[in-house]
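Engineer:
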Amino acid sequence: MLRKRKDEKTRRSVLETLLRDMQGTAAGRLALFERLKAAGAFVNEPVIGVTEAEKALRGLAAIEKK
Numbered sequence: 082m083l084r085k086r087k088d089e090k091t092r093r094s095v096l097e098t099l100l101r102d103m104q105g106t107a108a109g110r111l112a113l114f115e116r117l118k119a120a121g122a123f124v125n126e127p128v129i130g131v132t133e134a135e136k137a138l139r140g141l142a143a144i145e146k147k
């Protein structure tokens, strides 16, 4: 009997995780992102995804200040 192949789960991007799944203010998420980036947590992530996440968090933090 043939086995069913398991469907691969799509991997969440850094941006999606930081913007959707984390609670707190945008400034707090930005601070956490910067600490994780400095610690090398995003070494295996695509550079474009990390850059987009940082840009979006900076934008949200700026809007939140107003």
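Using the working numbering, the letters of the sequence shown map in sequence onto residues 82 to 147.
Think of the CB as a built atom: it goes at the ideal place given N, C-alpha and C, for glycine as much as any other residue.
Quick one: residues in its chain with C-beta nearer than 7 Å to the C-beta of ARG139, no 5 flanking neighbours on either side, listed in chain order?
Structural biologist: LEU111
Engineer: Let me confirm a value: LEU83 is counted as buried when at least 16 other C-beta atoms fall within 10 Å, else exposed. Which label applies?
Structural biologist: exposed
Engineer: Can you say whether ALA119 is buried or exposed, counting buried as having 16 or more other CB atoms within 10 angstroms of its CB?
Structural biologist: exposed
Engineer: Should ALA134 be labelled buried (16 or more other beta-carbon atoms within 10 Å of its own) or exposed?
Structural biologist: buried
Engineer: Please report how far the alpha carbon of LEU100 lies from the alpha carbon of SER94, in whole angstroms.
Structural biologist: 10 Å
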